[in-house]
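J.: Just passing along the structure, written as structure tokens.
There are 2 protein chains.
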Amino acid sequence: MKQLQLLLVIGAIIGSFSIASGQETIKEDFKPSTLNQPGQKYPQVNSQGYARFRIIAPAADSVKVSLGLGGRGGTVLHKKEDGSWMGTTEGPMDEGFHYYHLTVDGGTFNDPGTLNFYGSTRWESGIEIPAHDQDFYALKDVPHGQVHKILFPSKVSGPSAVAYVYTPPGYSKDQSKRYPVLYLQHGWGEDETAWSNQGHANLIMDNLIAEGKTEPFLIVMTYGMTNEIKFGGLRDFDITPFQTKLVDELIPYVDENFRTIADREHRAMAGLSMGGMETKMVTLNKPETFSHYALLSGGIYTPEDIKDQSDIKLIFLSCGSKERPESIKNATADLKESGANVVSYISEGTAHEFQTWRRSLKELAPLLFKN
Amino acid sequence: MKQLQLLLVIGAIIGSFSIASGQETIKEDFKPSTLNQPGQKYPQVNSQGYARFRIIAPAADSVKVSLGLGGRGGTVLHKKEDGSWMGTTEGPMDEGFHYYHLTVDGGTFNDPGTLNFYGSTRWESGIEIPAHDQDFYALKDVPHGQVHKILFPSKVSGPSAVAYVYTPPGYSKDQSKRYPVLYLQHGWGEDETAWSNQGHANLIMDNLIAEGKTEPFLIVMTYGMTNEIKFGGLRDFDITPFQTKLVDELIPYVDENFRTIADREHRAMAGLSMGGMETKMVTLNKPETFSHYALLSGGIYTPEDIKDQSDIKLIFLSCGSKERPESIKNATADLKESGANVVSYISEGTAHEFQTWRRSLKELAPLLFKN
């Protein structure tokens, strides 16, 4: 009996080792990714988070996928007798959305099986690894808001610039009610489509509102790489053009054309990554415009940044546990000590990717416009 | 002197022959297509309508473009020393928008240089050949309407189905004004994004309204291949699911959530190609729902189709001059003789493509909801 127990313990240890060294048995329960183009069977994902690719290119010499274990490296596909190329990631991927592309005989192409999403200053392929908490951004049978594509006059990006505006369920019915507004920015290489397409900001809000977890508000999303026409680095970033476009052009247009509560108490700004950097700059430059600030994987505020703590309704800082959560935790402690109303959130098991930001929005929304 | 004149005449004849046999000199005034991804230099188009492609694929053995002279055949690209593949169409293309894709070593991919547009039941590459009349769908410094993405409850495509709703400039400001509605359908293999993305329906309306050429109205666009889940042919097409989705699900939702004039006199239906077939079926099945009917490259009505001529405010029939304009002209004559208020339009120099339908919408809009 004791020997049996010992064998079980040894077996369990060997089992753990197998998993840790990447020898885990791959479950053959692959299903098409939810982001595939209509009718397309590949790419597929399994219940463990592995991704499997199939590309038709009979005369190619080499097909690679930029996506691999933990987002590093990539996956080399192998040619089958039917002229297709197949391959599976070496390990499970992080939960949530990932950008990727193919390299076919040295050329960069998108996977014809999937939908495209704007990232890295180009439309890239996207794949969705089912997450244990995917319910909060699922398309459910609840009342839905609308996402409006608007063209507003802009001297910065003119004659017209694009923005998307989420209006909550009921916005179009009760025409006397007015709403607060969250201005929500994408990251470097993305655009104004990112928060709805890959972020599901609209579905996150629809679901939170249906559950009574947040006050309904508008979300406005516009292009933030205003002075990055040549898609260069961030070193010489100048906030002026974007700040002008946002504060002097977009906000007045939104306040004139939507039923907003047009004061600083009912206006928030948030951004992910580079959008966080922009949020920090704009909120500190224009404290008279915004009262709620949120940086998602986008840096921190220090107590020295803030002139008048009592004037700020909320500071929200977040990132993934695979980023640098200590930085967020330390900044939060410092801000708390200085008297700020600060809330932080660490997304467990995720990195600098959209699952972190979807979860951050879900945590942020209920905190906004509470008083 | 006579000899010189003879030489000139012969020269002119030889010149004409050269042009007619495809030896026309290609003007080297190529510019990036307006549908390229941000920062991408290729594909390019010149002032004559030629298209030039450049694809990076150093190790590929063969790269072809599905687009060629008059849409037939295709263009074979040739490898350059720098590892790129280049080629120019054999002749000028028709004005306007064209779908295309690449074949790289036997595999189907999109051109990484261009934006994607949903057609042929997949997201395809798109290119824009500048048209002499492109001003009517240009983005101008005029007041702009909005395109709303809505999710409406649907038992046919449920739990939620997508539609896009164009609301004209001013819709969001004067909250007492109500508007007529045009339900506008895409063609086979396309979806609810086609009329805004490749059709520029919103810009066509913005420009017509700014010039005072049309009454403002709403345009609603939803997915019409409701019973084509397997993307099969049209032979066994059953209109029932789409008609239910449109008439019993979408129209009531739009009338409840937008400021419409919710009666048949202020409701029109139009569609291109397969969408025209659907328009014909639905309008004849539901004369109590629509009063204005339009088929764009989508067939004809005969006097026998119509039970009560006096009940129909407008029948509009159109197609490109490179389609079968005689069929439209004959049907128009027959309908006129039977007493119908029928208007027809032939788009000069275009085939079964979006330039025909952009122009058709421009001609149709001013005729709608006149009385």
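Taken in order, these protein sequences are the chains called A and B. Counting from 1, one number per residue, gives the positions in the first sequence under the numbering used here. Counting from 1001, one number per residue, gives the positions in the second sequence under the numbering used here. Ideal placement from N, C-alpha and C gives every residue a C-beta, glycine not left out.
By the three-class DSSP mapping on this structure, what secondary structure does arginine 1267/B have?
T.: Residue state, collapsed to three classes: strand.
J.: Which value, in whole angstroms, describes the spacing of the CA atoms of glycine 107/A and isoleucine 127/A?
T.: Taking the straight line from one Cα to the other gives about 20 Å.
J.: For glycine 83/A, I'd like the list of residues in its chain whose CB is within less than 6 Å of its CB, leaving aside the five on either flank, ordered along the chain.
T.: Pro58, listed in sequence order.
J.: Three or more C-beta pairs closer than 8 Å, one from the segment 1040-1056 of chain B and one from the segment 1087-1106 of chain B: is that the case here?
T.: Because the criterion of three Cβ pairs below 8 Å is met, the segment 1040-1056 of chain B and the segment 1087-1106 of chain B touch.
J.: Flag this pair as yes or no: are the beta carbons of valine 1342/B and threonine 1356/B separated by less than 9 Å?
T.: Taking 9 Å as the Cβ cut-off, valine 1342/B and threonine 1356/B do not qualify as a contacting pair.
J.: Run through chain B and tell me which residues come within less than 8 Å of asparagine 116/A, C-beta to C-beta.
T.: Near asparagine 116/A (Cβ distances below 8 Å), the residues of chain B are Asn1116, Trp1123.
J.: Apart from the five residues on each side of it in sequence, which residues of its chain come closer than 6 Å, Cβ to Cβ, to proline 1032/B?
T.: Counting only Cβ-Cβ distances below 6 Å, and skipping sequence neighbours, we find Lys1041, Gln1044.
J.: If the cut-off is 9 Å on Cβ atoms, which residues from the segment 28-47 of chain A count as contacting chain B, listed in chain order?
T.: Going along the segment 28-47 of chain A in chain order, one finds Gln37, Pro38, Gly39, Gln40 with a Cβ nearer than 9 Å to chain B.
J.: Can you give the beta carbon distance from tyrosine 118/A to aspartate 191/A, rounded, assuming they're within the 8 Å contact cut?
T.: Contact holds; Cβ gap of about 5 Å.
J.: Please state whether DSSP places methionine 1086/B in a helix, a strand or coil.
T.: Methionine 1086/B: strand per DSSP, three-state reduction.
J.: Please work out which residues of its chain come closer than 6 Å, Cβ to Cβ, to glutamate 215/A, disregarding the five sequence neighbours upstream and downstream, and give them in chain order.
T.: Around glutamate 215/A: Phe369.
J.: From the DSSP secondary-structure annotation, give me the bridge partner or partners of serine 1347/B.
T.: DSSP output for serine 1347/B lists Gly1320/B as bridge partner(s).
J.: Assign threonine 1075/B to buried or exposed, taking buried as 16 or more other Cβ atoms, counted over all protein chains shown, within 10 Å of its Cβ.
T.: That one is buried.
J.: Quick check: is the beta carbon of phenylalanine 1242/B nearer than 9 Å to any beta carbon in chain A?
T.: False, the Cβ-Cβ gap to chain A never drops below 9 Å.
J.: Exposed or buried, proline 180/A, counting other C-beta atoms within 10 Å across all chains shown (16 or more means buried)?
T.: Its Cβ being crowded by 16 or more others within 10 Å, proline 180/A is buried.
J.: Based on the DSSP secondary-structure assignment, which residues constitute the bridge partners of tyrosine 118/A?
T.: Note: tyrosine 118/A sits in a beta bridge opposite Trp123/A.
J.: With DSSP as the reference, label threonine 332/A as helix, strand or coil.
T.: Helix, per DSSP.
J.: Helix or strand or just coil, what does DSSP make of asparagine 1110/B?
T.: Coil at asparagine 1110/B, not helix or strand.
J.: On the criterion of 16 or more Cβ atoms from any shown chain inside 10 Å, does glutamate 28/A qualify as buried, or is it exposed?
T.: The residue is exposed, with fewer than 16 neighbouring Cβ atoms inside 10 Å.
J.: DSSP on methionine 280/A, reduced to helix/strand/coil?
T.: Correcting the residue type first, residue 280/A is lysine in the shown sequence and not methionine. Lysine 280/A falls in the helix class under three-state DSSP.
J.: Is the beta carbon of alanine 1270/B sitting closer than 9 Å to the one on tyrosine 1293/B?
T.: In contact: alanine 1270/B and tyrosine 1293/B (Cβ atoms closer than 9 Å).
J.: Out of Tyr171/A, Gly96/A, Asp105/A, His78/A, state which residue places its alpha-carbon closest to the alpha-carbon of asparagine 257/A.
T.: Comparing Cα positions, the closest option is Tyr171/A.
J.: Residues of the segment 1054-1083 of chain B with a CB closer than 8 Å to any CB of chain A: list them in chain order, please.
T.: Cβ contacts with chain A come from Ile1055, Ile1056, Ala1057, Pro1058, Ala1059, Ala1060, Asp1061, Ser1062, Gly1083.
J.: If distances are taken between C-alpha atoms only, which option among Lys1286/B, Ser1125/B, Gln1198/B comes closest to isoleucine 1251/B?
T.: Cα-wise, what sits closest to isoleucine 1251/B is Lys1286/B.
J.: Can you grab the Cα-Cα spacing for the pair proline 303/A / isoleucine 315/A, in whole Å?
T.: Rounded to the nearest angstrom, the two C-alpha atoms are 11 Å apart.
J.: Among residues of its own chain, excluding the 5 on either side of threonine 1034/B, which ones have a beta-carbon nearer than 6 Å to its beta-carbon?
T.: Closer than 6 Å at the Cβ level, and outside the excluded window around threonine 1034/B, lie Glu1128.
J.: Give the interface partners of phenylalanine 1258/B over in chain A, defined as CB-CB distance under 9 Å, in chain order.
T.: The contacting residues are Ser172.
J.: Taking DSSP's pairing of strands, which residues face glycine 96/A in a bridge?
T.: Partner(s): Ile129/A.
J.: So, are the CB atoms of arginine 1160/B and valine 1104/B less than 9 Å apart?
T.: In the sequence as presented, arginine is not what sits at residue 1160/B; that position holds serine. Cβ distance not < 9 Å, so serine 1160/B and valine 1104/B don't count as in contact.
J.: Give the residues of chain E in contact with glutamine 1146/B, contact being defined as C-beta atoms less than 9 Å apart.
T.: No chain E appears in the structure shown, which is made up of the protein chains A and B.
J.: Would threonine 108/A pass as an interface residue toward chain B - the criterion being a Cβ-Cβ separation below 9 Å?
T.: Yes, contact with chain B.
J.: Check the Cβ-Cβ distances between glycine 339/A and every residue of chain B, and say whether any is below 9 Å.
T.: Chain B, which has no Cβ nearer than 9 Å to the Cβ of glycine 339/A, makes this no.
J.: Among the candidates Ala340/A, Thr289/A, Asp141/A, Ile219/A, whose CA atom is the shortest distance from the CA of arginine 264/A?
T.: Ranking the options by Cα distance to arginine 264/A, first place goes to Thr289/A.
J.: Taking leucine 139/A as the query, report the chain B residues whose CB atoms sit under 7 Å from its CB, ordered along the chain.
T.: Here the neighbours are Ser1160.
J.: Per DSSP, asparagine 36/A forms a beta bridge with which residues?
T.: In DSSP, asparagine 36/A forms a bridge with Thr114/A.
J.: Which word fits glutamate 1278/B, buried or exposed, when buried means at least 16 other C-beta atoms lie within 10 angstroms of its C-beta?
T.: Result: buried.
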